[in-house]
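The structure appears below as structure tokens.
2 protein chains.
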Amino acid sequence: MNNVFKALNDKTRRDILELLKKEDLTAGQIAEHFNFSKPTISHHLDLLKQAELLTSIKKGQFVFYSLNTTVMDELLKWMLQFTAEALPVMKPKTARYEGK
Amino acid sequence: MNNVFKALNDKTRRDILELLKKEDLTAGQIAEHFNFSKPTISHHLDLLKQAELLTSIKKGQFVFYSLNTTVMDELLKWMLQFTAEALPVMKPKTARYEGK
DNA sequence: TTAGTATTTAGATAGTTGTCTAAATATATT
DNA sequence: AATATATTTAGACAACTATCTAAATACTAA
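This is how it looks when you write it as structure tokens:
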């Protein structure tokens with residue numbers, strides 16, 4: 001879980017995830033979308049893979065990357081415990097004001 | 101939004117959020133739960149505040165910290181765009197296997 | 001086999017982060 | 001006013017991170 005938060009703590013990596021929402025892309029195609037060197041993007045892809053937010057398959061000389069939504073589901077579950085929806089007990093507390 | 105991911109990218113800070121799920125606590129009470137110096141915890145609280153994940157109110161010599169679930173709601177929304185539920189189109193793709 | 005393309009690995013570097021101790025600030029109590 | 005308690009600020013330092021260039025690896029095509 002630590003790896004997931006680490007992976008998401010970077011705008012470029014979050015942008016990569018958004019790119020892959022539409023379709024799978026090769027490392028090179030992903031790199032084209034950014035003003036960073038290919039090794040830099042490769043490194044970001046590696047961190048996303050370590051967090052299991054991406055999977056990759058090699059096809060010939062290309063490596064295709066895909067989103068893996070499984071981890072997002074887990075993260076979602078973690079997050080839900082903090083939402084107002086999930087903590088109805090807290091609503092009155094945060095709504096109440098004391099003193100003027 | 102960047103600040104939120106940054107704030108969540110630390111186990112201690114995530115633990116602080118979980119602590120505050122139950123009840124509001126003072127900086128000192130929060131610090132008691134960890135084996136770090138008070139300045140270190142104060143710094144973590146500051147980052148959580150910058151991300152607007154916490155609010156604080158000073159009462160006399162104490163500073164009470166509370167969860168702010170609003171930002172979590174936004175984050176939740178960001179995350180939802182990646183879940184399998186939200187991307188039905190992708191399900192067949194990830195389920196399909198090619199070659200053996 | 002040689003040359004070209006796609007991607008990753010290695011190593012370097014500047015900037016960021018988490019932690020500490022010491023000191024400062026703010027409030028409460030005597 | 002002096003002392004004690006709660007918290008934050010300041011400054012230092014080791015560890016980690018994002019980036020780069022150069023080189024290595026893997027595959028394709030001639």
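Same order as they appear, the protein sequences are chains V and Z.
Numbered by this note's numbering, the letters in the first sequence go through residues 1 to 100 in order.
Numbered by this note's numbering, the letters in the second sequence go through residues 101 to 200 in order.
In this text, a Cβ means the ideal position worked out from N, Cα and C, and glycines have one as well.
From a predicted model like this one, the values you see are computed outputs, not experimental measurements.
Local Cβ density within 10 Å of residue i, reported as buried at 16 or more and exposed below that
{"i": "N168/Z", "result": "buried"}
{"i": "I120/V", "result": "No answer is possible for residue 120/V: it lies beyond the span of chain V, which begins at 1 and ends at 100."}
{"i": "H133/Z", "result": "exposed"}
{"i": "F136/Z", "result": "exposed"}
{"i": "M90/V", "result": "Residue confidence is low: M90/V scores 47 on pLDDT, short of 50, so the model does not pin down where it sits. No coordinate-derived value is stated."}
{"i": "A195/Z", "result": "With a pLDDT of 36 at A195/Z, under the threshold of 50, the predicted position of this residue should be treated as unreliable, though the coordinate-derived value follows. Exposed, because fewer than 16 other Cβ atoms sit within 10 Å of the Cβ of A195/Z."}
{"i": "E118/Z", "result": "exposed"}
{"i": "Y197/Z", "result": "Residue confidence is low: Y197/Z scores 32 on pLDDT, short of 50, so the model does not pin down where it sits. No coordinate-derived value is stated."}
The beta strand (DSSP E) enclosing residue i, as first and last residue numbers
{"i": "S66/V", "result": "F62 to L67"}
Member of the options whose CA lies at the smallest distance from the CA of residue i
{"i": "N2/V", "options": "E85/V, L75/V and Q61/V", "result": "L75/V"}
{"i": "G60/V", "options": "T12/V, M79/V, R14/V and A27/V", "result": "A27/V"}
{"i": "L48/V", "options": "A84/V, D24/V, R14/V and E32/V", "result": "R14/V"}
{"i": "K121/Z", "options": "M172/Z, T183/Z, W178/Z and H143/Z", "result": "M172/Z"}
{"i": "I170/Z", "options": "F64/V, N9/V, F82/V and Y65/V", "result": "The sequence given here places Thr at residue 170/Z; Ile does not occur at that position. With distances taken between Cα atoms, T170/Z lies closest to F82/V."}
{"i": "I116/Z", "options": "L154/Z, F162/Z, A184/Z and Q150/Z", "result": "L154/Z"}
{"i": "V163/Z", "options": "I130/Z, W178/Z, E152/Z and T140/Z", "result": "I130/Z"}
{"i": "H43/V", "options": "E18/V, L19/V, A7/V and S66/V", "result": "A7/V"}
{"i": "L125/Z", "options": "D110/Z, Y165/Z and K177/Z", "result": "Y165/Z"}
{"i": "L145/Z", "options": "E123/Z, K177/Z and T112/Z", "result": "T112/Z"}
{"i": "F105/Z", "options": "P39/V, M79/V and Q50/V", "result": "M79/V"}
{"i": "T40/V", "options": "D10/V, A86/V, E85/V and K77/V", "result": "D10/V"}
Extent of the continuous alpha helix (DSSP H) run through residue i
{"i": "L47/V", "result": "K38 to Q50"}
{"i": "L117/Z", "result": "K111 to K122"}
{"i": "L8/V", "result": "N2 to L8"}
{"i": "A131/Z", "result": "A127 to E132"}
Beta-bridge partners of residue i, as assigned by DSSP
{"i": "T154/Z", "result": "Here residue 154/Z is Leu; the residue named in the question, Thr, does not match the sequence. L154/Z is bridged to L167/Z."}
{"i": "K159/Z", "result": "F162/Z"}
Contact set between the region 22 to 55 of chain V and chain Z, restricted to residues whose Cβ is under 7 Å from the partner: none
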